[in-house]
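Only one structure is covered here, and it is reproduced in the block below.
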Amino acid sequence: MFSIEKVLPHIEALSLDGKDAMRIWNDQYVVDDLFRNLTFLRLQSFDDEQAASNFPYCFIQKIPNLKGLVVKYSSFQEIFPCQRHEAGETHTMTVVQLRRLDLWALPKLEEICKDGFQLHPILEILETLRVWECSALLDLVPSTVSFNYLKKLDVWKCNGMLHLLTSTTAKSLVQITEMKIRECEIIQEIVFDKEDQGEVEIVLDRLENLELECLPSLINFCGSMNLGFSFPSLEKVIVRQCPKMQVFSCGVSTTPKLQRVKVEKNGYEWYWEGNLNATTEKMSNHMEDMVVFNVTHKETTPFNDQKPGTSGLRKKVKVFVQPNYLQNFVQSTYNAMTPEKVKGATLVVSGDGRYFSKEAIQIITKMAAANGVRRVWIGLNVLLSTPAVSAVIRERVGADGSKAAGAFVLTASHNPGGPHEDFGIKYNMENGGPAPEAITDKIYENTKTINEYLIAEDLPDVDITTAGVTKFSGPEGQFDVEVFDSATEYLKLVK
1036 MFSIEKVLPH IEALSLDGKD AMRIWNDQYV VDDLFRNLTF LRLQSFDDEQ AASNFPYCFI
1096 QKIPNLKGLV VKYSSFQEIF PCQRHEAGET HTMTVVQLRR LDLWALPKLE EICKDGFQLH
1156 PILEILETLR VWECSALLDL VPSTVSFNYL KKLDVWKCNG MLHLLTSTTA KSLVQITEMK
1216 IRECEIIQEI VFDKEDQGEV EIVLDRLENL ELECLPSLIN FCGSMNLGFS FPSLEKVIVR
1276 QCPKMQVFSC GVSTTPKLQR VKVEKNGYEW YWEGNLNATT EKMSNHMEDM VVFNVTHKET
1336 TPFNDQKPGT SGLRKKVKVF VQPNYLQNFV QSTYNAMTPE KVKGATLVVS GDGRYFSKEA
1396 IQIITKMAAA NGVRRVWIGL NVLLSTPAVS AVIRERVGAD GSKAAGAFVL TASHNPGGPH
1456 EDFGIKYNME NGGPAPEAIT DKIYENTKTI NEYLIAEDLP DVDITTAGVT KFSGPEGQFD
1516 VEVFDSATEY LKLVK
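Numbering (the numbering used here), first residue to last: 1036 to 1530.
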């Protein structure tokens, strides 16, 4: 017969939902040393009733060797409540080992801890703090909290915070190596000079990586002219989709090792104007010149005749011009690919120039932008033979060092073209060859169940008659379309 008292002392990692957790906590026979070997605990799915009594910190205190704690999908309003000791009550077991704290999808979380929280050392010895999708959280922590050992801080989709850290807490980040702040809708600055202590320099001695991404309200890293920052080890900075950020910080910032600021994590484009403020201003001016597009999710229904072969999908033009026919096939192709083959990727889109190619190229380009493709290469006037497309995939290197991950080839080979004749589309892989059967089967399966496609409807049509690069900006970041001289690629092919 199962005995919880016999099993628990040997467990090192444990995941509990609200129902199971309540059974254990309410068991009068559970003794304090049952969890002596537990080092990792995940608590999830505590509904309103189960979370009504606040976070079970007393239970956490019974786990002396706990190093990792994850709390997710629950209705807790705070994590570490103020301790209220009854007369004569003693607390002999306090968590002092916690190194990692993950708070994920806690929509009602208002505080991680209150100001004056008696157990600050729990937070002060953390090495990793990740806070995701906690939109009721107005402040990360009170200004009295120090993060003396924190190495990694990751905040994502916390849409209630105007500021991330006070200057007092920021000073304590002497061990921080990585900060990621992403998709927080109303955050205006990262470090807030709440105390107004006069001219002070904050030294983040070990910070190597700083990522500020998709922060539509961010004005600067710090808005106080009294606060200067020294980043002796900072070598990687990404600032992406922060349209209101015109200067990095109002005070002086020194970055002796930094030589560039990137506009995306996996891309090649970067800026550098000698210092962070000048570089941020340059990036801001550049972003203002870009056309901004949005992504639309369009409802659709499947077609039952979109099974591609090794030569792709070939039909009469009158079939392809049906509403959503081409869009369904293109989206099904994106859906069949692994994310790294689409998000941030470079794709070639060209063909033999037959009837409907010019319309198809605009549709495919707008769908590429909506699906997170980083750049599209198009042959001048959409003219690029199938062998040349393969050569471009294998050999061409963009000015920023990019290489193609695949291609949409618009051709029906030797079949006649024209408004009443044939059109075709196929996908070639990163080796330049056609998609293998395993991929075409996945594409076909997607075509049978597809219910929506993504498209950037407000993206202007690309001028395919003139060679050059056009830059746009969207929810996934920068998107470039390069129209290149096909003759150059032909010459490379015949040499």
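Idealized CB from N, CA, C, for every residue including glycine.
Can you tell me the Cα-Cα spacing of residue i and residue j, whole angstroms?
{"i": "Leu1051", "j": "Asp1068", "result": "18 Å"}
{"i": "Glu1588", "j": "Ser1268", "result": "Outside the displayed range of the chain (1036 to 1530) lies residue 1588, so it cannot be described from this structure."}
{"i": "Glu1234", "j": "Phe1264", "result": "11 Å"}
{"i": "Gln1341", "j": "Gly1459", "result": "11 Å"}
{"i": "His1126", "j": "Ala1048", "result": "Unreliable placement is indicated for His1126, whose pLDDT of 44 sits below 50; no coordinate value is reported for it."}
{"i": "His1120", "j": "Phe1081", "result": "At His1120, the pLDDT of 44 sits below 50, so the modelled position is not reliable and the matter cannot be decided from this model."}
{"i": "Asp1055", "j": "Phe1111", "result": "16 Å"}
{"i": "Asp1493", "j": "Val1384", "result": "20 Å"}
{"i": "Ser1170", "j": "Trp1191", "result": "10 Å"}
{"i": "Val1354", "j": "Arg1077", "result": "53 Å"}
{"i": "Asp1387", "j": "Ser1346", "result": "14 Å"}
{"i": "Met1260", "j": "Met1280", "result": "16 Å"}
{"i": "Gly1512", "j": "Asp1435", "result": "16 Å"}
{"i": "Met1128", "j": "Leu1208", "result": "Note that Met1128 scores 44 on pLDDT, short of 50, meaning its location in the model is unreliable and no value can be drawn from it."}
{"i": "Gly1053", "j": "Gln1079", "result": "7 Å"}
{"i": "Leu1172", "j": "Gln1096", "result": "24 Å"}
{"i": "Glu1316", "j": "Cys1257", "result": "15 Å"}
{"i": "Glu1220", "j": "Asn1194", "result": "5 Å"}
{"i": "Ala1440", "j": "Arg1058", "result": "52 Å"}
{"i": "Thr1475", "j": "Asn1183", "result": "53 Å"}
{"i": "Gly1103", "j": "Cys1093", "result": "16 Å"}
{"i": "Gly1509", "j": "Met1372", "result": "21 Å"}
{"i": "Lys1229", "j": "His1198", "result": "10 Å"}
{"i": "Leu1043", "j": "Ser1109", "result": "24 Å"}
{"i": "Arg1134", "j": "Leu1188", "result": "12 Å"}
{"i": "Gly1309", "j": "His1045", "result": "57 Å"}
{"i": "Val1518", "j": "Val1497", "result": "9 Å"}
{"i": "Phe1266", "j": "Gln1232", "result": "20 Å"}
{"i": "Asp1515", "j": "Glu1304", "result": "11 Å"}
{"i": "Met979", "j": "Ala1470", "result": "The structure shown has nothing for residue 979, since the chain only spans 1036 to 1530."}
{"i": "Thr1335", "j": "Phe1090", "result": "45 Å"}
{"i": "Ala1502", "j": "Ala1442", "result": "19 Å"}
{"i": "Arg1295", "j": "Glu1213", "result": "17 Å"}
{"i": "Tyr1306", "j": "Leu1245", "result": "15 Å"}
{"i": "Asn1567", "j": "Pro1337", "result": "Residue 1567 cannot be examined here, being either before or after the span of the chain that is shown, 1036 to 1530."}
{"i": "Arg1389", "j": "Thr1500", "result": "15 Å"}
{"i": "Leu1141", "j": "Ser1448", "result": "55 Å"}
{"i": "Thr1331", "j": "Glu1487", "result": "10 Å"}
Is the beta carbon of residue j closer than 9 Å to that of residue i?
{"i": "Gln1366", "j": "Asn1481", "result": "yes"}
{"i": "Ser1521", "j": "Leu1382", "result": "no"}
{"i": "Leu1253", "j": "Glu1224", "result": "yes"}
{"i": "Val1226", "j": "Thr1201", "result": "yes"}
{"i": "Val1444", "j": "Asn1463", "result": "yes"}
{"i": "Glu1113", "j": "Glu1145", "result": "yes"}
{"i": "Leu1361", "j": "Ile1399", "result": "yes"}
{"i": "Cys1285", "j": "Asn1320", "result": "no"}
{"i": "Asn1100", "j": "Leu1073", "result": "yes"}
{"i": "Ala1404", "j": "Phe1328", "result": "yes"}
{"i": "Val1427", "j": "Val1408", "result": "no"}
{"i": "Asn1406", "j": "Leu1489", "result": "yes"}
{"i": "Leu1247", "j": "Val1274", "result": "yes"}
{"i": "Val1424", "j": "Gly1379", "result": "no"}
{"i": "Leu1158", "j": "Val1166", "result": "no"}
{"i": "Phe1115", "j": "Lys1149", "result": "yes"}
I need the boundaries of the alpha helix (DSSP H) containing residue i, first residue and last residue.
{"i": "Ile1237", "result": "Per DSSP, Ile1237 belongs to no alpha helix (DSSP H); it is in the beta strand (DSSP E), 1235-1238."}
{"i": "Gln1366", "result": "1360-1371"}
{"i": "Ala1403", "result": "1392-1405"}
{"i": "Tyr1462", "result": "That residue, Tyr1462, is in no alpha helix (DSSP H); its beta strand (DSSP E) goes 1457-1463."}
{"i": "Glu1093", "result": "It is Cys, not Glu, that sits at residue 1093 in the sequence shown. 1092-1095 is the extent of the alpha helix (DSSP H) around Cys1093."}
{"i": "Ala1205", "result": "1202-1206"}
Specify, as a first and last residue, the run of the beta strand (DSSP E) that residue i falls within.
{"i": "Leu1188", "result": "1187-1191"}
{"i": "Ser1425", "result": "Counting along the chain, Ser1425 falls outside any beta strand (DSSP E), though it belongs to the alpha helix (DSSP H) covering 1421-1430."}
{"i": "Lys1353", "result": "Where Lys1353 is concerned, there is no enclosing beta strand (DSSP E), although the alpha helix (DSSP H) it sits in stretches over 1352-1355."}
{"i": "Thr1381", "result": "1381-1386"}
{"i": "Lys1555", "result": "This structure leaves residue 1555 out entirely; the chain is present only between 1036 and 1530."}
{"i": "Cys1148", "result": "1146-1148"}
{"i": "His1255", "result": "Correcting the residue identity first, residue 1255 is Asn in this sequence and not His. 1255-1257 is the span of the beta strand (DSSP E), which, as asked, contains Asn1255."}
{"i": "Gly1441", "result": "1441-1445"}
{"i": "Ser1265", "result": "1262-1265"}
Give me whichever residues DSSP pairs with residue i in a beta bridge.
{"i": "Ile1211", "result": "In the DSSP output, where bridge partners are listed per residue, Ile1211 has none listed."}
{"i": "Tyr1488", "result": "Lys1333"}
{"i": "Phe1514", "result": "Phe1507"}
{"i": "Phe1227", "result": "Thr1201"}
{"i": "Gly1414", "result": "Phe1519"}
{"i": "Ala1048", "result": "Phe1075"}
{"i": "Asp1493", "result": "DSSP, once it has assigned bridges, lists no residue as partnering Asp1493."}
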